[in-house]
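At position 74 of the sequence shown the residue is numbered 73 (numbering that gives the first Met the number 0), and the sequence of numbers has no breaks.
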Amino acid sequence: MAVREDILQGVKRVVVKIGSSVISNRDKGRSPLECGLSRDWVRHYARKIKTIRDRGIDVVLVSSGAIMAGRERLEFARADLTVPEKQACAAIGQSFLMHTYEKAFEKKELKVAQILLSHDDLGNRKRYLNAKHTIETLLEKGVIPIINENDSVTVEEIKIGDNDSLSATVACLVDAQLLIILSDVEGLYDRDPSVKVKAGVEKAQLLSHISKVNEDIEKIAGKSNNHLTVGGMVTKVRAAKKTMSFGIPTLVVNGLDEKVIENIFAGKEVGTLFWSGKGKIRDRKHWIAHTLKSAGTLTLDTGARKALLERGKSLLPAGLLKVTGSFEFGNAVTLLDELGKEIGRGLVNYNSRDLENIKGLKTSAVRSLMGKSFYEEVVHRDDLVIF
Ligand code: GLU
0 MAVREDILQG
10 VKRVVVKIGS
20 SVISNRDKGR
30 SPLECGLSRD
40 WVRHYARKIK
50 TIRDRGIDVV
60 LVSSGAIMAG
70 RERLEFARAD
80 LTVPEKQACA
90 AIGQSFLMHT
100 YEKAFEKKEL
110 KVAQILLSHD
120 DLGNRKRYLN
130 AKHTIETLLE
140 KGVIPIINEN
150 DSVTVEEIKI
160 GDNDSLSATV
170 ACLVDAQLLI
180 ILSDVEGLYD
190 RDPSVKVKAG
200 VEKAQLLSHI
210 SKVNEDIEKI
220 AGKSNNHLTV
230 GGMVTKVRAA
240 KKTMSFGIPT
250 LVVNGLDEKV
260 IENIFAGKEV
270 GTLFWSGKGK
280 IRDRKHWIAH
290 TLKSAGTLTL
300 DTGARKALLE
310 RGKSLLPAGL
320 LKVTGSFEFG
330 NAVTLLDELG
340 KEIGRGLVNY
350 NSRDLENIKG
360 LKTSAVRSLM
370 GKSFYEEVVH
380 RDDLVIF
């Protein structure tokens, strides 16, 4: 099966990153970042995101544009703003950006929520998990989370840096199966496409599939002269490298092409796809499901079955009804529902003897019983394959 079709078939959750230049007005002779927020483009993407949602796919948006929108409202015409000026722009622009998204999505009967993050939030495990839980809850409620960097309070040291990098982190945070970066260029070219073709020099070619981000690719990206976006191609390539190592493909496309979302979901060869075809996680899951021999079975109660199947959760001791077989920590086991039907496979964090003692117990009870050998999950979702 074609790579793109294969990816699309497995997509249940997607992160869409919208660059500032995609949702700005365009005015010849001026940088899009100086032209202000375009309500039409925001509306356009609200409609497109609704079509993705209608396919039963969760969508998390990472949107830039606060500084660009604020610039217009504060009437800052010059290009070289100071940091406090940019932060002031972000403060006024962010609320205007959200207001515009809110109105656009309202027309499509969708609610939106704002989440502003800084590196401090994502570097701290507790806050990272808090952000994750908030986003999960919003998605469960059918809300579209719209994420941006908390520009007005972050200084260089605690900045995530750019929204390409933020979108990659978010894709990993929410376990998305695809990151789409909407940019103002077609994708990654083998050489700078803005350089005029001279005699004897070949025209720049769009690279449609990159299976590994190596030094050569980073060099090509470094040379691509896209001065309009914060990071240009380099940050996009780095973002793709990150998601790929988590088993998530990244697609960099031209968001100014009005049909790009349809084309992506029709499996057309638009933009540059960054994907090795064998993500770490996928590989490992394949191995758990198909290579390892099952050493026993765990029977789950209804709540646990639903948590695993419908909410992508881990298996906790409380949801365990029955244990059979003799196995050790790290072995593969088969997961059964109450009727004995096989629902998946996973690697266990406890041996069969300990599981006999803790099955059905709440986390707090397991913690005091197991002491140092305590694990919250019997099978963590990263070690779990659902059939
Ligand atoms: N957070 C910035 C903004 O909303 C944009 C940063 C970026 O696009 O990388 O204006």
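Here a beta-carbon is modelled for each residue, glycine too, at the ideal position from N, C-alpha and C.
Problem - Cβ-based neighbour list, E185, same chain, cut-off 6 Å, excluding 5 preceding and 5 following - result: L205 and N253
Practice task
Would you list the one or two residues that DSSP bridges to L321?
Solution key: The question names Leu, but residue 321 is Lys in the sequence shown. In DSSP, K321 forms a bridge with T298.
Problem - N129 Cβ short of 8 Å to the ligand GLU heavy atom set - result: no
Practice task
Answer yes or no: the CB of A89 versus the heavy atoms of the ligand GLU, is any distance below 8 Å?
Solution key: yes
Problem - T242 to T168 span [Cα, whole Å] - result: 8 Å
Handout entry: Where K16 sits in the DSSP three-state scheme
Key = strand
Handout entry: Three-state class that DSSP yields for E185 in the structure shown
Key = coil
Exercise for the section: Run through the segment 88 to 124 for me and flag every whole alpha helix (DSSP H) of 4 or more residues, listed as ranges in chain order. Expected result: 118 to 122
Exercise for the section: Would you check if there are 3 or more beta carbon pairs closer than 8 Å linking the segment 359 to 369 to the segment 266 to 274? Expected result: no
Handout entry: Beta-carbon proximity check, I66 vs D150, cutoff 9 Å
Key = yes
Problem - Short Cβ contact (9 Å threshold) for L346 with I287 - result: yes
Exercise for the section: Go ahead and label V63 buried or exposed: buried means 16 or more other beta carbons lie within 10 angstroms of its beta carbon, across all protein chains shown. Expected result: Contrary to the premise, residue 63 reads as Ser rather than Val in this sequence. Per the 10 Å Cβ criterion, buried.
Practice task
Answer yes or no: the CB of T362 versus the heavy atoms of the ligand GLU, is any distance below 8 Å?
Solution key: no
Exercise for the section: Give me the Cα-Cα distance between L116 and V59, rounded to the nearest whole angstrom. Expected result: 14 Å
Problem - Those runs of the alpha helix (DSSP H) which lie wholly inside the segment 35 to 72 and span at least 4 residues - result: 38 to 52 and 65 to 72
Handout entry: Three-state secondary structure (DSSP) of N225
Key = Confidence at N225 is low in this model, with a pLDDT of 47, below 50, so the placement of that residue should be treated as unreliable; the coordinate-derived value is given next. Residue state, collapsed to three classes: coil.
Exercise for the section: On a CA-only basis, which of D381, V377, S210 and E341 is nearest K358? Give me that one, please. Expected result: V377
Problem - Cutoff 7 Å; reference D26; Cβ partners in own chain excluding five residues on either side - result: C34
Exercise for the section: With DSSP as the reference, label G343 as helix, strand or coil. Expected result: strand
Handout entry: Three-pair Cβ contact test at 8 Å for the segment 70 to 81 versus the segment 140 to 149
Key = no
Handout entry: DSSP beta-bridge partners of P144
Key = A112
Practice task
Tell me, please, whether the segment 36 to 54 touches the segment 243 to 250 by the rule of three or more beta-carbon pairs shorter than 8 Å.
Solution key: no
Handout entry: Which of helix, strand or coil DSSP assigns to L354
Key = helix
Handout entry: Anticipated Cβ contact below 8 Å, V14 with L181, distance rounded
Key = Not really, about 11 Å apart at Cβ, beyond 8 Å.
Practice task
Using 8 Å as the cut-off, classify the Cβ of A65 as near or not near the heavy atoms of the ligand GLU, replying yes or no.
Solution key: yes
Exercise for the section: Please confirm whether any heavy atom of the ligand GLU lies closer than 8 Å to the CB of Q93. Expected result: yes
Practice task
Name the two residues that bound the continuous alpha helix (DSSP H) containing L368.
Solution key: T362 to M369
Problem - Rounded distance between the beta-carbons of F104 and A68, thought under 8 Å - result: With a Cβ gap of about 16 Å, A68 and F104 do not count as contacting.
Handout entry: Reference K292, options K197, R70 and E327, closest by Cα
Key = E327
Practice task
Compute the minimum distance between the beta carbon of N262 and the heavy atoms of the ligand MN, and state whether it is under 8 Å.
Solution key: Because the ligand MN does not appear in the structure shown, any question about it cannot be addressed here, the ligands present being the ligand GLU.
Exercise for the section: Verify whether the separation of the beta carbon atoms of A220 and V200 is less than 9 Å. Expected result: no
Practice task
Please classify L7: does DSSP put it in a helix, a strand, or coil?
Solution key: helix
Practice task
Could you tell me the boundaries of the alpha helix (DSSP H) in which I263 lies?
Solution key: V259 to F264
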